[in-house]
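One structure is given below, encoded as structure tokens.
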Amino acid sequence: MSYIHFDKTLMTNLEEALPKEILRSNRSGAYSCSTIVDCNTRKYHGLLVVPIPELGDENYVLLSSLDETVVQHGAEFNLGLHKYQGNNFSPNGHKYIREFNCDQVPTTIYRVGGVVLKKEKVFQHYENRIIIRYTLLDAHSETTLKLRPFLAFRCVREYTHENTRVNRDYQEVPNGIKTCMYEGYPELYMQLNKKNDFVFQPDWYRGVEYPKELERGYAFNEDLYVPGYFELKIKKGESVVFSAGVSEIKTTQLRQIADFEAKIRTPRDNFYHCLVNSAHQFYYHVDGENYILAGYPWFKCRARDMLIALPGLTLVNEEVEQFEMCMKTVEKGVREFMAGEPLSVKIHEIEHPDILLWAVWCIQQYGKIVSLQKCVEKYGLLAKDIMMYLSTSSHPNLKVRDNGLVYAQGKSKAVTWMNSTANGRPIVPRSGYIVEFNALWYNALKFSEEICRMAGRKEEEQYFAGMAAKAENSFRKVFLNQYGYLFDYVDEKNQEQDWSVRPNMIFAVALDYSPLPLPEKKAVFDICTKELLTPKGLRSLSPKSGGYNPMYVGPQVQRDYAYHQGTAWPWLAGFYMEACMRLYKKSRVSFVERVLVGFEEEMFSHCIGTIPELFDGNPPYHARGAISFAMNVAEILRVVKLIEKYDI
1 MSYIHFDKTL
11 MTNLEEALPK
21 EILRSNRSGA
31 YSCSTIVDCN
41 TRKYHGLLVV
51 PIPELGDENY
61 VLLSSLDETV
71 VQHGAEFNLG
81 LHKYQGNNFS
91 PNGHKYIREF
101 NCDQVPTTIY
111 RVGGVVLKKE
121 KVFQHYENRI
131 IIRYTLLDAH
141 SETTLKLRPF
151 LAFRCVREYT
161 HENTRVNRDY
171 QEVPNGIKTC
181 MYEGYPELYM
191 QLNKKNDFVF
201 QPDWYRGVEY
211 PKELERGYAF
221 NEDLYVPGYF
231 ELKIKKGESV
241 VFSAGVSEIK
251 TTQLRQIADF
261 EAKIRTPRDN
271 FYHCLVNSAH
281 QFYYHVDGEN
291 YILAGYPWFK
301 CRARDMLIAL
311 PGLTLVNEEV
321 EQFEMCMKTV
331 EKGVREFMAG
341 EPLSVKIHEI
351 EHPDILLWAV
361 WCIQQYGKIV
371 SLQKCVEKYG
381 LLAKDIMMYL
391 STSSHPNLKV
401 RDNGLVYAQG
411 KSKAVTWMNS
421 TANGRPIVPR
431 SGYIVEFNAL
441 WYNALKFSEE
451 ICRMAGRKEE
461 EQYFAGMAAK
471 AENSFRKVFL
481 NQYGYLFDYV
491 DEKNQEQDWS
501 VRPNMIFAVA
511 LDYSPLPLPE
521 KKAVFDICTK
531 ELLTPKGLRS
541 LSPKSGGYNP
551 MYVGPQVQRD
561 YAYHQGTAWP
571 WLAGFYMEAC
581 MRLYKKSRVS
591 FVERVLVGFE
601 EEMFSHCIGT
611 IPELFDGNPP
621 YHARGAISFA
631 MNVAEILRVV
641 KLIEKYDI
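Position 335, counted from 1, in the sequence shown is what full-length UniProt numbering calls 335; the numbers after and before it change by one each time, with no gaps.
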């Protein structure tokens, strides 16, 4: 049996099936996403969702869904499924599903009387094209297949409704048609690999609802336009391939492309391969540059997310070339930022004060996993230039104080990863000496000392060594409190010490170089274990701290106030488990493996084969936020590989 497999019992139970989503991307910013029963439950769902730079910075839903109808002896059996007003589902095609599996590509088996139909979906790499292959596995009489496309032609953050502006014209192309609902959008080409009849029957399907948007406090219904349907005969054993894309394709190539795309996928046949498969979906190549998207379906490339995720998504999977291509883009952006020049790359939030520190950490991982010598040769100059820029307080919001620590202003603007805001102000206003900034700063100083030593740059080595010694001496004085854990931030200007127990102190234990002695590292680790650890990651705030709000539910404002006030984040668990193995070596490998079990469960829930953005901080730890999140996938992948180092 397949690793990811759902049988008829689950597939016909909408309460169980609808929360399970499936995502495919093409490395060019486009994606295909829905539920495993092909009923769209979000405004972000669609068979073909693509970027259209001419219209804006968002993605756009062109083809929302495709309803299949099997016809035998004049009787029609519609395999589609949509939610309408009044909690009505129609046409209830899920009742014909017999099984779903996703080892190679998402595959659904339908049974209608004596007809057994297999549907496989692939999203073509670097092309804005969804390909669906239908194979008639069994049939006792003549069978006809009808395919009815539901079009949206809208931004993922908006809705379409019945209107008179829609362009109903279409033109025939080989084995299909092309059409465009509104001016400014690209033509949508819908073609099949064999001759068919397109029946022009334009209509609006009104009141389609998206329950996930209702949960999130947004508008949740729209109307979808159907221009007609494709009709063709299909014989037992025959495969018919449907394509929807923004360019015409030679229909004789469709079967070959479908075979090739299925073959090159990393199979989802175990936990590790699911994560690798998911890792590939965050790659984003555009205009000659390579990026990591922060998550699906709504995130863009964000500097911090890209740098934290990059080693886990690439290096641990031995995809060194992909790391180097992305770092080339990062270096361009970093150098432009340090020079005060406009960015030529599409990396958001590169101005945040910890970004350059994460860049050094990212380079450090390259040295550990590939080779330190090659790291010095390839990135030594970049690391040195970053550290000289920071150590001279050239960054507009990261200043080195006389005590050797770095100081950032975060009262009026969110500057850390805890970046939720309300009324333009940070909900968690972390400012001053911020604990993970200074843990990263000390680690970066020591790493710079190391690579300068290797490169034979004695004067620079001594410079960084002296700064590291000063920072180490001050770190304990500023952050360590009498209860054995670290203040989350200390703002001497406002005479504030944040006593909240938050997970950011774990970096002072997890990083290669720590300013804490062993007993204090263990004390910090212990309190993270007791108050923050959940089966789904570390809580962003301890239940014992004031303001604990672990349920990420309700409308936007309510969710913003809960975002970093108790919710659990899987990527933090990656650093927690690294800290655990750094402290206790082989003796805690079995413990780390048990922690990973909580994430393997996610391969079969929510968006299958990947890890969502965050979870509620209290049982039953419901998944929330983005359905697939790069930092989470990357850090769990990194831990899976770290275990191999100790489990010998």
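Where a beta carbon is used, it is the ideal one built from N, C-alpha and C, also for glycine.
Item, Value
"Nearest to Phe260 (by Cα), restricted to the options Val105, Phe591, Met577, Ala439", "Val105"
"Own chain, CB closer than 6 angstroms to Asp203, minus 5 neighbours either side, in chain order", "Val226"
"Leu66 vs Pro149 beta-carbon contact at 8 angstroms", "yes"
"Segment limits, alpha helix (DSSP H) that includes Asp259", "254-263"
"Assumed close pair Tyr134, Lys119 - CB separation to whole angstroms, cut-off 8 angstroms", "6 angstroms"
"Assumed close pair Pro429, Gln365 - CB separation to whole angstroms, cut-off 8 angstroms", "Pro429 to Gln365, Cβ: 30 angstroms. No contact."
"Counterpart residues of Pro51 in DSSP-defined beta bridges", "Asn59"
"Residue burial classification, Glu318 (beta-carbon count within 10 angstroms, cutoff 16)", "exposed"
"Alpha carbon of Phe525 to alpha carbon of Pro503, nearest angstrom", "10 angstroms"
"Residues of its chain near Ala634, where Cβ-Cβ distance is below 8 angstroms and the 5 sequence neighbours each way are ignored", "Ala279, Ile308, Ala309, Leu310, Pro311, Gly312, Leu313, Trp571, Gly574"
"For Asp402 and Ala422, the rounded distance between their alpha carbons", "34 angstroms"
"Where Trp441 falls: helix, strand or coil (DSSP)", "helix"
"Straight-line Cα distance separating Arg304 from Trp417", "8 angstroms"
"Separation of Glu172 from Ala623, as counted between CA atoms", "45 angstroms"
"Cα-Cα separation, Trp569 to Glu377", "35 angstroms"
"Where the alpha helix (DSSP H) containing Gln462 begins and where it ends", "458-479"
"Secondary structure of Leu188, DSSP reduced to three states", "strand"
"C-alpha distance - Glu209 paired with Arg216, whole-angstrom precision", "13 angstroms"
"Where Ser587 falls: helix, strand or coil (DSSP)", "helix"
"Bounding residues of the beta strand (DSSP E) (the contiguous stretch that carries Gly228)", "221-234"
"Reduced DSSP category for His285 - H, G, I as helix; E, B as strand; rest coil", "strand"
"Endpoints, alpha helix (DSSP H) assigned at Lys178", "First-last for Lys178: 176-179, but that is the beta strand (DSSP E), not the alpha helix (DSSP H)."
"CA nearest to the CA of Ala61, picked from Asn175, Ser90, Tyr185, Asn87", "What sits at residue 61 in the sequence shown is Val, not Ala. Here the closest residue by C-alpha is Tyr185."
"Closest Cα partner of Gly432 within the set Val400, Gln201, Glu459", "Val400"
"Asn549 versus Phe629: straight-line alpha-carbon distance, rounded", "22 angstroms"
"Pairwise C-alpha distance: Tyr646 and Pro19", "37 angstroms"
"Boundaries of the alpha helix (DSSP H) in which Phe200 is found, first to last residue", "Here Phe200 belongs to no alpha helix (DSSP H); instead the beta strand (DSSP E) covers 197-209."
"Collapsed DSSP secondary structure at Ser391 in the structure displayed", "helix"
"8 angstroms Cβ cutoff met for Val166 and Met181", "yes"
"Start and end residues, beta strand (DSSP E) containing Val173", "170-173"
"Inter-residue Cα distance where the pair is Ser243 and Leu145", "15 angstroms"
"Top-ranked residue by Cα proximity to Gly56, from Arg154, Ala75, Ile177", "Arg154"
"Cβ shell of Arg268 (< 7 angstroms), same chain only, five flanking positions each side left out", "Tyr3, Ile4, Cys102, Asp103, Cys274, Asn277, Gly609"
"Proximity of Phe479 and Phe487 at Cβ, strictly below 8 angstroms", "yes"
"Beta-carbon proximity list for Ile52, same chain, < 7 angstroms, skipping 5 on both sides", "Tyr60, Tyr185, Pro186"
"At least 3 beta-carbon pairs within less than 8 angstroms: the region 335-348 vs the region 77-84", "no"
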